[in-house]
Each structure stands twice: as structure tokens, then as C-alpha cells.
Amino acid sequence: MSRSCLLCGVGGQGVVLASRLIAYAAMEQGDFVRTTETIGMAQRGGSVVSHVRAGSEVHSPIIPAGRADVIIAFEPGEAVRCLSYLKEGGMVVTNRQIVKPVSASLGGSSYNAEEMLDHLKEKAGNVLVIDGEEICRQAGSPKVLNVALLGAAAKSGALGISLEEMAEAVRKNVKERFVELNEKALMLGSQAQEL
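Numbering (the numbering used here), first residue to last: 32 to 226.
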């Protein structure tokens, strides 16, 4: 059985690290894993998309449209933009707060979080929204949103990776001085219940 997870956000939010943590946890389960990122304007606040595919046989790192089991979105606008990747019955795990990417700023269009969340709930149905800002405040750092989202996704069951397996991936792949902080964020994310 294969699993496909698409992560999307804005440069600087930790999308690539989150995808590496998922990939590590899946490999520890014995899966073959392929990943790829699109990080073109990442350092300038542009969109970042990462594909993670795991299973006994994975031929391409790119998730075809309509085949992602879960989308983990670091902000709701990116979730809306990437929604075509989600399979029917798949799940969206998203942060409530927006981070307006450069492309939206240049376009001058409306960028409203509630409208985007409503759209996601209407189109995807299975949507888990977390208050990333509050979780980061409780954890003590604005830089742990990525791991909080992983905690929420792991707890939901959508990743096929348990919370403990994700915690082990954090312990093995995050600098030692940041492990405790990230473990706290993982637990706080797993407790997010806003739907």
C-alpha cells in the first residue's frame, strides 16, 4: 500500500524539514520513499510544495492530481491552491493563520482566511484546522509550526505514521538542543481538535 502526502506553505516555514521527517518515519517503517520539492522563490516568501510518497513500490516522487492521501498546509491559501492533488476522501490539515505569499501580494487580490477555510471544508470535507499561532506561543517558539502540523496529521491517522514514530523522527533529525521544543510542539499539535 502506498501513501502520498503533499506539504505546502511559504518559504521559511519549514516545509522541507517536515517532509524529511515524514520520509524518515516512513523509511523506519520499512517503506520505500521518494520526495521532491518545488522551492523556487522560497527565500523570498514564495510558495513551497513538497511531495512525499511512501510504499513498497514507488516509481515517481511527484504525486499525480487527485492522488494525495493528505495535504498538510502551513497556511490556508496554499491548501486551496494545491487542493487538486487531494484524492476523494483525503484529508487536509491546515494552519488557520494566513501568510500572504509574494504571488498573492503582487496580484492584489483578496486574501481572506475564513473564505479559504470555508472553501476547503466545502470541497475537501475532511479538514482539520489548527491554531498554529497559539500552539507556537504555547511551545515557546514561532519556528515549530511545521512540527505542530505533523503532530495533528499523525494523530488524525491520515499519515499512517503514529505520533510516537513521528516523535522518534524528530529525535533523530532535529539538532539536540531543539528536540525538547519540537517534541512539545508535536504534542500540542496532536491535541488540536478544531474542525
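Beta carbons are placed, not taken as given, at the ideal position from N, Cα and C, and that holds for glycine.
Alpha-carbon spacing of residue i relative to residue j, whole angstroms
| i | j | result |
| --- | --- | --- |
| A216 | G97 | 30 Å |
| A179 | A144 | 19 Å |
| K154 | G108 | 14 Å |
| A54 | A85 | 7 Å |
| S87 | V41 | 31 Å |
| A170 | L212 | 7 Å |
| V160 | Q222 | 12 Å |
| E196 | A57 | 9 Å |
| G43 | R202 | 21 Å |
| E207 | F63 | 27 Å |
| R127 | E199 | 27 Å |
| Q60 | G191 | 10 Å |
| G188 | V124 | 11 Å |
| L151 | D162 | 16 Å |
| S33 | T69 | 22 Å |
| G220 | D149 | 21 Å |
| N157 | Y142 | 22 Å |
Supposed contact pair residue j and residue i - C-beta distance, whole angstroms, cut 8 Å
| i | j | result |
| --- | --- | --- |
| L37 | H82 | 6 Å |
| E106 | I129 | 5 Å |
Same chain only: Cβ atoms within 7 Å of residue i, ignoring 5 sequence neighbours per side
| i | result |
| --- | --- |
| L48 | N177 |
| S193 | A185 |
| A99 | S35, C36, L37, Y116, L117, K118, G121 |
| M218 | G182 |
Beta-ladder partner(s) of residue i, from DSSP
| i | result |
| --- | --- |
| G86 | F63 |
| A216 | DSSP output for A216 lists no bridge partner at all. |
| I103 | L38, V124 |
| S81 | L38, E68 |
| L190 | According to DSSP, which records beta bridges pairwise, L190 is partnered with nothing at all. |
| L117 | A99 |
Sequence-distant residues of its chain with Cβ nearer than 8 Å to residue i (five each side left out)
| i | result |
| --- | --- |
| C39 | V46, S78, V79, V80, S81, I102, I103, A104, F105, E109, A110, R112, C113 |
| T67 | S81, H82, P92, I93 |
| M147 | P107, G108, A110, V111, I129 |
| V210 | V201, R202 |
| C167 | P173, K174, V175, L176, A179, A216 |
Contact set for residue i: own chain, Cβ-Cβ below 6 Å, skip 5 residues either direction
| i | result |
| --- | --- |
| V205 | N213 |
| S50 | L38, T66, S81, V83 |
Quiz prompt | Those runs of the alpha helix (DSSP H) which lie wholly inside the stretch 138-180 and span at least 4 residues | solution = 144-154, 163-170
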